[in-house]
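Chemist:
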Amino acid sequence: QQPVTSFPVQLVDGEKKTDADWKLLSADEVTKPWNICVLFPHLKDSYWVAADYGVAAEIRRTGTAMTLYEAGGYTNLSTQLSQMDNCIAQKFDGIILGAISADGVGPLVKRATDAGIPVIDFVNGVKEPSVSGHALVSFYDLAYKTGKYIVEQSDGKPTVVGFFPGPQGAGWSDDAVRGFSDAIKESKVEIAVTRRGDTGLNVQLDMINNALQTYDKLNWLVGVDIAAQAAAVAVRNANLGGKVSVAAFDIIPPVYDDIAAGAAKASPTDFTVLQGRLAVDMVLRLLQGQKLQAKRAGPKPQMVTAETVKSVSKTDMFAPAGYKVEFSIEATKK
Amino acid sequence: MTLIRSQAGIKPSAGANAVSTLLTFGALPIVLAICIVVFQLGNPRFLSSANLLNILQQGVFLMLIAFGQMLVLLAGGFDLSVGSVVALTSIISAQVMVAVSLAFPEAPGFAIGAGFLATILVGLVCGLVNGLGVAVLKVNAFIVTLATASIFRGVTLVISQGLQVSGLPRDFVYGIGSGFFLGLPVSFFFALPALLAIFLLVRQMRFGRYIYAIGSNIRSAMVAGVQINRYLIACYMLCATITAFAGWLLTARVSSGEPLLGGEFPLNSIAAAVIGGCSLRGGEGSPTGVFMGVVFITVLANGMDLLRIGSNYQMIVLGLVLVGAVVLDRYRLTDATKR
Amino acid sequence: MTLIRSQAGIKPSAGANAVSTLLTFGALPIVLAICIVVFQLGNPRFLSSANLLNILQQGVFLMLIAFGQMLVLLAGGFDLSVGSVVALTSIISAQVMVAVSLAFPEAPGFAIGAGFLATILVGLVCGLVNGLGVAVLKVNAFIVTLATASIFRGVTLVISQGLQVSGLPRDFVYGIGSGFFLGLPVSFFFALPALLAIFLLVRQMRFGRYIYAIGSNIRSAMVAGVQINRYLIACYMLCATITAFAGWLLTARVSSGEPLLGGEFPLNSIAAAVIGGCSLRGGEGSPTGVFMGVVFITVLANGMDLLRIGSNYQMIVLGLVLVGAVVLDRYRLTDATKR
Amino acid sequence: MTIASDLQEGEVFASLSGVSKFYGSFAALKDVSLTLRCGEVHMLLGENGAGKSTLVSLLIGANRPNEGARVLCGRACPDLTPLEARESGVNAVLQDFGLAPSMTALENYALGREKTRGGFLDKAAMRAGMMKSMEKLGVAIDPDARVDTLTRAEQQLLEIVRALGGKPGALILDEPTATLSHDESEHLFSTVEVLKREGWAILYISHRMEEIRRLGDVVTILRDGRFVSFHRLADVTNERMIAEMVGREIANFYPQIPHTPGHAVLEVKGLCSGHKIKNVSFEVKAGEIVGLGGLVGCGKAEVARAIFGLQGIDAGEIVLVGESIKAHSPPAMLKRGLVYLPQDRRGEALALNRPIAENMAIEVLGEAGSAYAGFVRTGVLAKLVNSLLARLKVQPAEPNKAVQELSGGNQQKVVLGRALSRKRNLYIFDEPTAGIDVGARLDFYHQLQRLCAEGAAILLITSDLQELVHLSHRVHVMHEGLCTASLEGDKINEESVIAYAFGETP
Ligand SMILES: Nc1ncnc2c1ncn2[C@@H]1O[C@H](COP(=O)(O)OP(=O)(O)OP(=O)(O)O)[C@@H](O)[C@H]1O
Ligand SMILES: Nc1ncnc2c1ncn2[C@@H]1O[C@H](COP(=O)(O)OP(=O)(O)OP(=O)(O)O)[C@@H](O)[C@H]1O
Ligand SMILES: [Mg+2]
Ligand SMILES: [Mg+2]
């Protein structure tokens, strides 16, 4: 398998999105054994494992070092702040931040950048203007894509959606809600129920089953990765295959498998692994004194459907099977 | 405290007497009945057979775990690790089943059997760890099970690396997980014997008498010759094993090994048991009560969804009903002390 | 005149005496010292002043909440709602501050003051709800606070619609949240008087005696003329108020009102208090112990991060250390009863 | 002499008139009146469950009567709270301990009336107050000891000390001597007499006739929650009081128990255990009752605990029916045929929130015949429990009632019932008759007689001197962890037991 050296991205400047190619720094272009601090909300699901894989792979490729801290969940903002404090105190060279709250990390981002530590906003979004770069695909865009896909599939026929976007209060989830509803505006697609809740699989499964009891006109079940996984199970259990279709607005391996097996229709992918590589590349470029192509960039999302499932590269989306989560990597560069 | 504070007052009339007979089962059935009426009025689908099956399907897992939790509560303990045990079982049993079914692809029964064995083993080991911590190290059950919850979850993540395990035997997923038998979910038939066994254990067997005694007054149980450590450890092992069993059934239902399964169970199972009359101070409660508690919680969650109550308001309603149910149920106890 | 031989009469040997003096503080300081040495050897940055400031900054919030939790635990209660109170305070105080500072943009002190008032009000109301549930409705504290946790969280989400509240007064964020005074975080100076007040309340004032008595034997407290309900409600109100205060300081630190803030606090605060010697059965524990417990947990989390232990393994280590600390600490208690 | 509320001797301090108290439909008290006068010791008599403690709970404001009126210091108090009662000078020693176990003696002493200075606790002042009260009673308890490290007797004394430290007025003592030995009891008696002279009104509940006779001025007798009679003690005989209380005549109080010793069942050789037992040796033969006496804290209870395996043995050995016991724990000792009745019924004997039946039958559960393949044979057990309830006259005889709803004496009967639930060759009774009434006491003595005749060996540990002297065939007296005397036959008398208990030789 070829090492990734470049991939298509979208550069974002305000409202303007431009497609481009992002070329990764080669190992030789990185001159120092930079030590990067990586902060994740948690590392308990395949999404963040894929992110870890992407970051770690890029760190290895460039011979730099990293340490990863995870806060244990989206309700643990103060834990994440403590970890960020620790990173600043330990004088890491750069920070990649999968923020729990777009606002909440502001002061610490400022403290870090004031201390000369570049901070790359990764996956979740940070509002603080002093942040050094954003490596992310917004969940607004992803859910918008899903919405448009469903509008397309509905072909102008009235279509009813049950929507399960994950916990309320999580910024990414709220973005997804907005993206999806913007996409289906002025179409015959309507949301019958938006049921928000914890991202536990069993919790989602119960909510979806209850929704199937309550709303019998549902044509689609759409939700965050784990909800889509649960939806596929629920549809199968209720023998509704063919009547109710499933789509996600982000992808994890079970959803991918469901798409391949026909149990789910579609999900956009944000190429989580590439996003990780992009984040590392951004922070290294800043540390090398380079200017970024754009302050905000993310891999160009792509729809994974039964047709495209063969063509998208799994290693750009997911950690490979048998991957061991990496928390710290020593530099191989001198 | 009852001695002094019992509200005793008025001499009961004949009517009050009838009420008191009714209340030997607590107010829970009444509250439940009211809820059912409200839900049915709000959505006629509520009592449809499809939805009843749905409730049954959803409640089975909590029922198993709450029964396990009850054993521990009766003995004066507490098990916060049930969620982690579910996740650990899910991952380990799934990995075992995948491995075995790869080795013997033509005999899915073999893989399922191996997965079941692994499940029981995980349950026994986890329970033993909890039990040793509580009985031998004599550390507070809250701390022990909080600690083991963290440990088991850590182990789950180390083993699974946070990734789901897919590729479970088809018979497992479609037979046990989403199969029906005589019109009822297969998992129900799996759970039934386990629940019945616990019921008998608690109500009809020496074991039950001993754990009530331990939970009520551990020192007096010791003086009465009960082998405290043995029974305490047994309680934790039974609790973890039945929880693991529930985790295994849940794995079948969700059709993959999930490292994050079951986070809702610790608090839910304790809440169900307490609503059903278990005391956190031990020695109080019954399987019938816990049964009612689980039914109550499950029906409530389902009914609110069917009433199309938004999730934020559901949280508020859930809290109010939780307290309300216990307040009403207290009349049973007050009544008992009055009798 | 006979002397009932008080146990104090037995002369302990000199060696045993030294050990026992040491152990009045429990084994925690020793375990802590060992941890510190290990962490420092593992990462020389550990004892750097920057990191010590970090630990201080991080520990302040848990310290406040654990002190509140301690009050409730001493009185034989339990507060699972502290996390939700933090979130509710964060949203409400932020909204108040934003509204007031929009109205009076030139007087940030006014907005901050209003936010503080709102905070205290939220704390008092939440605590009152908990207290009434426990003292007046006489429902188990576990159920009450589990229920109110759900209710408060629901209210938080309804009010905030799940959105962060930004635009807090600059002085609040940069002054209180990330400011320093005499080289120490400003929040530390805010927390200090509250902690001190609770310390005095518990150790030196009548209030403390009463809550110990209520937690230790509610019946004896009542017979002794302690007004149980009043003091129980006061405990819950103090706990929620100091928790709200912590939530307010935390809001300053995170620079926005956050609807999901504080999820880690219920279990962490109870764990810290229990490690520090509080009993879940009430009437046992001390501010000094809880202080040690919080320091221990904070240092442990910080140290393991600095040792670059992967979070999966951290979970396992945390669990082991939790039980280990309590086991070691048990020697103090054994010793105390032997005295 | 006057006391706080300007009441003169002989004036009414408190009164209950026509009070009733119902628990559900059960009347624990029905139309009872009682008057406490200053400078008078008022005895309250009644069988177990007659309603004495309930009456006390009404007086101290812990319970509220369903009917009737309460008057305190001339003021009607329909809504009396414990705080008001206390502030009016009502000080009570309740039957079930009202101490907070995790607090120190001093903290308990001062509970509810802490002295403060500028809002802060004035610990020195409170300590001084406690010292003064202890001096009054003639005891010394370490003020800084946690209550759960005190012995039961010390706790009882602490309760009394606490009551003495309250505002002068009334003192209510609910079976204060049930766990005290002779000597502490004597101190209590003299204290009561002093208080009486100081003008306190005293309500005293006891099942021991000697005390009643010695201290009382007047006596009220209750039966089944109803008022039976009121007498001046000078005008009434013991027999009459017992007859009114029990509803029948009771004669010949201590039965003659024939002494037919067989083989040695229990031999204790050079036992050392904990810091309380220093070197104790004795033996108990089949068909005899051996008494173990001594002051509080002499270690007699520990001897039983060590034999039963509740505390470790440092030196010496225990031989059961010729076999030296190596690994000994309660389950093992129960298997070997030992029956042990602990002295602390609430702490060590009863699961209070469980039904009577479960409490009584827990020890037989392990025996063949009471369970089949782990399943409890409910029929067999129900029969056993019912026969014990009848034999011991537990009131109410409802097997499914939670033990905590029984009166103190009836709780003790449940403990006795459990001890008698199995036929065994060695019985160790530690304070078996604490708090049970004369009738039940007599019944218990007859059980002892029967067991003895059937060849059981019995070790009787009791602080009731008369019981010890009248029932035992041999008596061992302990003093500071040593067996100082071994009395037999007509050497057994109260004087010599007391003397040896103090470490003297008569
Ligand atoms: N260190 C201790 N820990 C726990 N309990 C103790 C301890 N020391 C004594 N006790 C309790 O105190 C009780 C009485 O002990 P003590 O040595 O005073 O025996 P005793 O002479 O029989 O006194 P009593 O007259 O109270 O029965 C014992 O039954 C035991 O339960
Ligand atoms: N909380 C309660 N609930 C129901 N019944 C109770 C309760 N408390 C006491 N009783 C009943 O009230 C009656 C009187 O009890 P009380 O404790 O006053 O008796 P007593 O005269 O003090 O007996 P003893 O000599 O055994 O102490 C008993 O029959 C008891 O069963
Ligand atoms: Mg009584
Ligand atoms: Mg004794």
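Those protein sequence lines, which keep their order, are chains V, B, X and D. Residue numbering for the first sequence follows this note's numbering, beginning at 15 and increasing consecutively. Residue numbering for the second sequence follows this note's numbering, beginning at 1352 and increasing consecutively. Residue numbering for the third sequence follows this note's numbering, beginning at 1352 and increasing consecutively. Residue numbering for the fourth sequence follows this note's numbering, beginning at 345 and increasing consecutively. Note that the Cβ used here is the ideal one computed from N, Cα and C, for glycine as well. These numbers come from a predicted model, not from an experiment.
1. Residues in the stretch 207–235 of chain V with C-beta within 9 Å of chain B's C-beta atoms, listed in sequence order?
2. Comparing C-alpha positions only, which one of D:R680, D:E749, D:M822 and D:A763 sits nearest to D:F370?
3. Since I believe V:L226 is in contact with V:A206 (beta carbons under 8 Å), could you give me their beta-carbon distance rounded to a whole number of angstroms?
4. Taking the straight line between their C-alpha atoms, what separation do you get for D:V640 and D:L481?
5. So does D:E749 have its beta carbon nearer than 6 Å to some heavy atom of ligand 2?
6. How would you list, in chain order, the residues of chain D whose beta-carbon sits under 9 Å from the beta-carbon of X:R1560?
7. Output, in chain order, the set of chain B residues within a Cβ distance shorter than 7 Å of V:Y337.
8. Starting from D:C827 and walking both ways along the alpha helix (DSSP H), at which residues does that stretch end?
9. What does X:L1657 reach in chain V if we use C-beta pairs closer than 8 Å?
10. On the three-pair Cβ rule with 8 Å, is the stretch 581–592 of chain D touching the stretch 600–609 of chain D?
11. Less than 6 Å between the CB of D:Q756 and some heavy atom of ligand 3, yes or no?
12. Residues in the same chain with beta-carbon distance under 7 Å from X:L1611, minus the five sequence neighbours each way, listed in chain order, please.
13. Using a Cβ cut-off of 7 Å, pull out every chain B residue sitting near V:S60, in sequence order please.
14. According to DSSP, is V:K231 helix, strand or coil?
15. Taking 6 Å as the cut-off, is the beta-carbon of X:G1513 closer than that to any non-hydrogen atom of ligand 2?
16. Going by CA-CA distance only, name the one from D:L388, D:A650 and D:M447 that's closest to D:P342.
17. Does any heavy atom of ligand 2 sit closer than 6 Å to the C-beta of D:Y789?
18. Enumerate, from N- to C-terminal direction, the unbroken beta strand (DSSP E) stretches of 3 or more residues contained entirely within the stretch 472–542 of chain D.
19. Please tell me whether V:V247 has its Cβ less than 7 Å away from any Cβ of chain B.
20. Measuring only the C-alpha atoms, how far is X:Q1358 from X:N1568?
21. Under the criterion of a Cβ to heavy atom distance below 6 Å, does X:K1489 qualify as lining ligand 2?
22. Chain X partners of D:R592, CB-CB under 8 Å?
23. In angstroms, rounded to a whole number, what distance separates the CA positions of X:V1473 and X:I1463?
24. Under 6 Å from any heavy atom of ligand 3, does the C-beta of D:G543 make it?
25. For the alpha helix (DSSP H) holding B:I1443, just list the boundary residues, first then last.
26. Ignoring anything shorter than 3 residues, give me the beta strand (DSSP E) runs that lie fully in the stretch 788–842 of chain D, in order along the chain.
27. Using the Cβ count rule (16 or more neighbours within 10 Å means buried), how would you classify V:Q243?
28. Taking 6 Å as the cut-off, is the CB of D:K622 close to at least one heavy atom of ligand 3?
29. May I ask you to report which of helix, strand or coil DSSP gives D:C616?
30. Can you list, in chain order, the residues of its chain with a C-beta nearer than 7 Å to that of X:I1562? Leave out the 5 residues immediately preceding and following it.
31. Short of 8 Å Cβ to Cβ, which residues in the stretch 1482–1501 of chain X face chain B?
32. With a threshold of 7 Å between beta-carbons, can B:G1636 be considered close to chain X, or not?
33. Is B:N1619 near B:L1379, with beta carbons less than 7 Å apart?
34. Are the CB atoms of V:D135 and V:V339 within a distance shorter than 7 Å?
35. Going by C-alpha to C-alpha distance, which of V:A149, V:V323, V:G120 and V:G28 sits closest to V:G68?
36. At a threshold of 6 Å, does D:K365 count as lining ligand 3 (C-beta to nearest heavy atom)?
Modeler: Quick answer:
1. For the stretch 207–235 of chain V, residues whose beta-carbon sits nearer than 9 Å to a beta-carbon of chain B comprise V207, T208, R209, R210, G211, D212, T213, G214, L215, N216, V217, L219, D220, M221, N223, N224, A225, L226, Q227, T228, Y229 and D230.
2. D:E749
3. Not really, about 11 Å apart at Cβ, beyond 8 Å.
4. Between D:V640 and D:L481, the C-alpha separation is close to 15 Å.
5. Taken from the Cβ of D:E749, at least one heavy atom of ligand 2 lies inside 6 Å.
6. M447, E451, A454, L455, G456, E458 and L465
7. Q1512
8. Unbroken run through D:C827 is the beta strand (DSSP E), L826 to E832; no alpha helix (DSSP H).
9. N100 and Q104
10. no
11. no
12. A1438
13. G1513, L1514 and Q1515
14. coil
15. no
16. There is simply no residue 342 of chain D to check, as chain D begins at 345 and stops at 850 in what is shown.
17. no
18. 514–518
19. yes
20. Residue placement at X:Q1358 is poorly supported in this model, since its pLDDT is 35, which falls under 50; the coordinates are not used for a value here.
21. no
22. By Cβ distance, chain X contributes nothing, its closest Cβ being about 35 Å from D:R592, past 8 Å.
23. 15 Å
24. no
25. First-last of the alpha helix (DSSP H) with B:I1443: V1433 to A1454.
26. List check, beta strand (DSSP E) in window: 801–805, 818–823 and 826–832.
27. When all chains shown are included, V:Q243 counts as buried.
28. no
29. strand
30. Spatial neighbours of X:I1562 in its own chain (CB-CB distance under 7 Å, excluding positions within 5 residues in sequence) are listed in chain order as L1422, L1425, A1426, Y1582 and C1586.
31. G1484, L1488, K1489, V1490, N1491, F1493, I1494, V1495, L1497, A1498, T1499, A1500 and S1501
32. no
33. no
34. no
35. Comparing Cα-Cα distances from V:G68 to each of V:A149, V:V323, V:G120 and V:G28, the minimum goes to V:A149.
36. no
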